[in-house]
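Asker: The structure that follows is given in the form of structure tokens.
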Amino acid sequence: DVKVTQSSRYLVKRTGEKVFLECVQDMDHENMFWYRQDPGLGLRLIYFSYDVKMKEKGDIPEGYSVSREKKERFSLILESASTNQTSMYLCATLVPDGTDTQYFGPGTRLTVL
Amino acid sequence: EDQVTQSPEALRLQEGESSSLNCSYTVSGLRGLFWYRQDPGKGPEFLFTLYSAGEEKEKERLKATLTKKESFLHITAPKPEDSATYLCAVHKTGSARQLTFGSGTQLTVLP
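These protein sequences, in sequence, are chains A and B. Numbered according to my numbering, the first sequence terminates at residue 113, and the numbering increases by one at each position without gaps. Numbered according to my numbering, the second sequence terminates at residue 1111, and the numbering increases by one at each position without gaps.
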């Protein structure tokens, strides 16, 4: 079974705080993704990584950065959280079986006050 | 511009009342179309991948079909536990494994 874990299910932060969201997969997968999900907007890709220290911007990278120091861990960083970053954040990993299927973690519901 | 549109936005069914959810897409070269199920407050759970027009996949009460412009998720004799949001996503050729998601159909099955 594909297992993707995220560090927190719920998180409440203040405006201006630096926020770290962690995602871990234990399957040695190369490709990992960060999405945010908002009502009516669906899932939107923030960043993805195709290998250690490699990253690519997605559709909405503004206000976010990422870190991939080890293959199993992909971190999303909000340098200075703002209220419009209140959202559900979802991490995914791509199984390298030729099917292009992404498997998701349980999500982190972030509220910025 | 790539677009994925799901309809209806919300659907309420009585238990046992079969129906279909629609996912229409416009992409320049489809590599794969994915269906996910998402329960409230949880991450999406993978259901099916379809790669070419005419392909069909089944799992329990769910059956996914694909044409050149749209996909349908047919739900036969649904049960209350099928209540969830169903998401459709497309992967287009040359997109470095990025998926474009629709905004989902929220299905409620009443007992």
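Built from N, CA and C at the ideal position, the CB exists for glycine as well.
With 7 Å as the threshold, decide whether the Cβ of residue 1042(B) is near any Cβ in chain A.
Answerer: Residue 1042(B) counts as touching chain A.
Asker: Can the beta-carbon of residue 93(A) be found closer than 7 Å to that of residue 112(A)?
Answerer: No, they are not a contact pair.
Asker: Once DSSP output is grouped into helix, strand and coil, what is the label at residue 84(A)?
Answerer: Residue 84(A) falls in the helix class under three-state DSSP.
Asker: Give me, in chain order, the residues of the same chain whose beta-carbon lies closer than 6 Å to that of residue 1055(B); leave out the 5 immediate sequence neighbours on both sides.
Answerer: So the qualifying residues of the chain are 1066.
Asker: Name the chain B residues whose beta carbon is nearer than 7 Å to that of residue 102(A)?
Answerer: Under the 7 Å cutoff, chain B gives 1099.
Asker: Starting from residue 1037(B), find everything on chain A with Cβ-Cβ shorter than 8 Å and list it in chain order.
Answerer: What residue 1037(B) touches in chain A: nothing, since even the nearest Cβ is about 11 Å away.
Asker: Which residue marks the beginning of the beta strand (DSSP E) containing residue 27(A), and which one marks its end?
Answerer: Premise fails: residue 27(A) is in no beta strand (DSSP E) and is neither H nor E.
Asker: Using the Cα positions of residue 1074(B) and residue 1018(B), report the straight-line distance between them to the nearest angstrom.
Answerer: If you take the alpha carbons of residue 1074(B) and residue 1018(B), they lie about 8 Å apart.
Asker: Apart from the five residues just before and just after residue 103(A), which ones in its own chain have a Cβ nearer than 7 Å to its Cβ?
Answerer: Answer for residue 103(A): 2, 4, 92, 93 and 95, listed in chain order.
Asker: Whole beta strand (DSSP E) runs in the stretch 1032-1092 of chain B with 3 or more residues, listed along the chain?
Answerer: You should have 1045-1050, 1056-1059, 1062-1066, 1070-1075 and 1084-1092.
Asker: Counting pairs of Cβ atoms below 8 Å between the stretch 18-36 of chain A and the stretch 44-60 of chain A, do you hit three or more?
Answerer: Flag = yes, the stretch 18-36 of chain A and the stretch 44-60 of chain A touch.
Asker: In whole angstroms, give me the CA-to-CA distance for residue 1021(B) and residue 1005(B).
Answerer: Those two C-alpha atoms are separated by around 11 Å.
Asker: For residue 110(A), report the span of its beta strand (DSSP E) as first-last.
Answerer: Here the beta strand (DSSP E) through residue 110(A) covers 108-112.
Asker: Give the residues of chain B in contact with residue 90(A), contact being defined as C-beta atoms less than 9 Å apart.
Answerer: Those are 1043 and 1044, listed as they occur along chain B.
Asker: What residues from chain A crowd round residue 1049(B), counting only those whose CB sits closer than 8 Å?
Answerer: Simply 99, 100 and 101.
Asker: Tell me which residues of the stretch 36-58 of chain A have at least one Cβ-Cβ distance to chain B shorter than 9 Å, keeping chain order.
Answerer: If the cut-off is 9 Å between Cβ atoms, the stretch 36-58 of chain A has 37, 39, 40, 41, 42, 43, 44, 45, 48, 50, 56 and 58 near chain B.
Asker: Residue 63(A) by DSSP, collapsed to three states: which one?
Answerer: DSSP places residue 63(A) in coil when its eight states are reduced to three.
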